[in-house]
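J.: Have a look at the structure that comes next, please.
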Amino acid sequence: MQVKRDDVTKYIKLTKYGEDTVKEFSESIFPHYGLIVDSTVEDFPARKMGIKPGDTITSIDGENVTEWNQLLTLVTASQGKEFEISWMHNYETFTRTIIPRKNEKDAQGSIGVKFKEKKITRKYGLAKACVVGTHKTVVNIKRIYMTIQGFVSKKLSTKALGGPVLIAQASYESAKSGIGKLMYFMAIISINLAVINILPVPVLDGGHLLFLGIEKIKGSPISEKTMAIANYIGFALIISLMIYATKNDIMRLFNIL
0 MQVKRDDVTK YIKLTKYGED TVKEFSESIF PHYGLIVDST VEDFPARKMG
50 IKPGDTITSI DGENVTEWNQ LLTLVTASQG KEFEISWMHN YETFTRTIIP
100 RKNEKDAQGS IGVKFKEKKI TRKYGLAKAC VVGTHKTVVN IKRIYMTIQG
150 FVSKKLSTKA LGGPVLIAQA SYESAKSGIG KLMYFMAIIS INLAVINILP
200 VPVLDGGHLL FLGIEKIKGS PISEKTMAIA NYIGFALIIS LMIYATKNDI
250 MRLFNIL
């Protein structure tokens with residue numbers, strides 16, 4: 000995958016984990032916009048042409064457009080050359096010739112239109128909802144372990160870790176999108192906590208399971224002193240992680256990170 004960061008083009012190698020994962024990844028990074036105009040940019044061709052918020056773009060050079068990606072491709076490919084654009088305003092269709100503004104840096108054309116995000120709502124019956132919910136849970140568990148693996152292998156920066164402040168911000172954004180989005184976010188948090196809780200770290204339930212496994216293998220209980228030391232170490236690790244994540248939150252708030 001090719002990305003642009005700080006005016007530098009970078010190539011990132013992605014690991015493919017099945018078609019479902021690829022589909023979910025694509026849906027997560029590509030915006031879902033319709034063709035309804037949300038706003039226009041001052042001094043750009045669209046506003047000068049008379050396109051207003053609430054209008055719907057219908058065609059470019061006689062080619063019907065049905066998706067935002069299709070429209071974006073046609074406009075950017077114009078490279079500043081004029082073309083015909085059609086849009087609908089109050090159930091009336093208008094067609095005009097427009098000259099897009101050419102970006103001298105990459106030669107792409109722009110007409111200065113921002114679109115409303117397209118909300119996709121899927122409704123399932125009880126049985127299907129259980130199947131989809133289970134699948135989403137499995138996918139998120141895999142993501143958590145892949146993230147942990149990325150931190151351990153240093154393929155992911157620990158600066159991406161977030162604490163209570165980031166969770167509060169994400170909760171607020173989810174709540175703004177509706178109760179469904181908020182409940183989904185809460186479910187994700189619950190899954191994260193459940194997975195972390197079964198990690199083989201003393202103090203956590205996973206640590207207790209580890210001790211039980213060791214006792215089963217050696218055939219005798221672990222001494223209380225050893226258990227206490229291990230729990231202190233585990234507690235220190237958890238607290239250190241929380242402090243580090245909170246520090247990241249604070250630095251992110253002040254745009255230091």
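Residues in the sequence shown are numbered consecutively from 0, following numbering that gives the first Met the number 0. For glycine and all other residues, C-beta sits at the position ideal for the given N, C-alpha and C. This structure is a prediction, so every number in the text was calculated from the model and none was measured.
(1) Indicate the three-state DSSP secondary structure (helix, strand or coil) for residue 35 in the structure shown.
(2) By alpha-carbon positions, which one of 208, 177 and 188 ends up nearest to residue 118?
(3) Rounding to the nearest angstrom, what Cα-Cα distance links residue 171 and residue 246 in this structure?
(4) Roughly how many angstroms separate the alpha carbons of residue 259 and residue 236, rounded to a whole number?
(5) Measure the alpha-carbon distance for residue 122 versus residue 148 and round it to whole angstroms.
(6) Between which two residues does the beta strand (DSSP E) holding residue 95 run?
(7) Can you tell me whether DSSP reads residue 113 as helix, strand or coil?
(8) For the alpha helix (DSSP H) that residue 239 lies in, which residues bound it at each end?
(9) Should residue 38 and residue 127 be called a contact, given that it needs their Cβ atoms to be closer than 8 Å?
(10) Looking at C-alpha atoms only, which residue of 183, 151, 215 and 83 is the closest neighbour of residue 135?
(11) Going by other Cβ atoms of all chains shown within 10 Å of its Cβ, with 16 needed for buried, is residue 163 buried or exposed?
(12) Starting from the C-beta of residue 93, find all residues in its chain whose C-beta is less than 8 Å away, skip the five residues before and the five after it, and write them out in chain order.
(13) By the three-class DSSP mapping on this structure, what secondary structure does residue 102 have?
(14) Work out the CA separation of residue 231 and residue 207 for me, nearest whole Å.
(15) Run through DSSP, which three-state label would residue 108 get?
(16) Can you pull the DSSP bridge partners for residue 63?
(17) I need the straight-line Cα distance from residue 210 to residue 35, nearest angstrom please.
(18) Would you report the Cα separation of residue 80 and residue 8, rounded to the nearest angstrom?
(19) Where DSSP assigns a beta bridge to residue 85, which residues make up the other side?
T.: In brief:
(1) Taking the first residue of the sequence shown as position 1, residue 35 is located at position 36. It is a strand residue.
(2) On the sequence shown, residue 118 is found 119 positions in, with the first residue counted as 1. The candidate whose alpha carbon is nearest that of residue 118 is 177.
(3) Working through the sequence shown from its first residue, we reach residue 171 at position 172. Working through the sequence shown from its first residue, we reach residue 246 at position 247. Their backbone Cα atoms lie some 20 Å apart in a straight line.
(4) Residue 259 lies beyond the residue range present for the chain, which begins at 0 and ends at 256; the question has no answer from this structure.
(5) Counting from one through the sequence shown, the residue named residue 122 turns up at place 123. Counting from one through the sequence shown, the residue named residue 148 turns up at place 149. Taking the straight line joining both Cα atoms gives about 34 Å.
(6) Translated into the one-based positions of the sequence shown, residue 95 becomes position 96. Per DSSP, residue 95 belongs to the beta strand (DSSP E) from 91-97.
(7) Within the sequence shown, residue 113 is the residue found at index 114, counting from 1. Strand.
(8) Counting from 1 along the sequence shown, the entry for residue 239 is found at position 240. 223-252 is the span of the alpha helix (DSSP H), which, as asked, contains residue 239.
(9) Numbered from its first residue, the sequence shown carries residue 38 at position 39. Numbered from its first residue, the sequence shown carries residue 127 at position 128. Against a cut-off of 8 Å, the Cβ pair of residue 127 and residue 38 comes out as no contact.
(10) Taking the sequence shown and counting its residues from 1, the one referred to as residue 135 is at position 136. Closest by alpha carbon: 183.
(11) On the sequence shown, residue 163 is found 164 positions in, with the first residue counted as 1. The residue in question, residue 163, is exposed, as its Cβ has fewer than 16 Cβ neighbours within 10 Å.
(12) Start at 1 with the first residue of the sequence shown, and residue 93 comes out as number 94. Excluding residues within five positions, the ones whose Cβ falls inside 8 Å are 49, 85, 86 and 87.
(13) As a working mapping, residue 102 is identified with position 103 in the sequence shown. Correct three-state label for residue 102: coil.
(14) Residue mapping note: residue 207 aligns to position 208 of the sequence shown, counting from 1. Residue mapping note: residue 231 aligns to position 232 of the sequence shown, counting from 1. Cα-Cα distance, rounded: 13 Å.
(15) Locating residue 108 in the sequence shown gives position 109, counting from the first residue. Residue 108 falls in the strand class under three-state DSSP.
(16) By one-based count along the sequence shown, residue 63 stands at place 64. Answer by DSSP bridge pairing, in chain order: 58.
(17) Counted from its first residue, the sequence shown places residue 210 at position 211. Counted from its first residue, the sequence shown places residue 35 at position 36. Computed Cα separation, rounded: 59 Å.
(18) Position 81 of the sequence shown, counted from the start, is the residue given in the question as residue 80. Position 9 of the sequence shown, counted from the start, is the residue given in the question as residue 8. Spanning the two alpha carbons is a distance of roughly 26 Å.
(19) Sequence index remark: in the sequence shown, residue 85 carries index 86 (1-based). According to DSSP, residue 85 bridges with 58 and 94.
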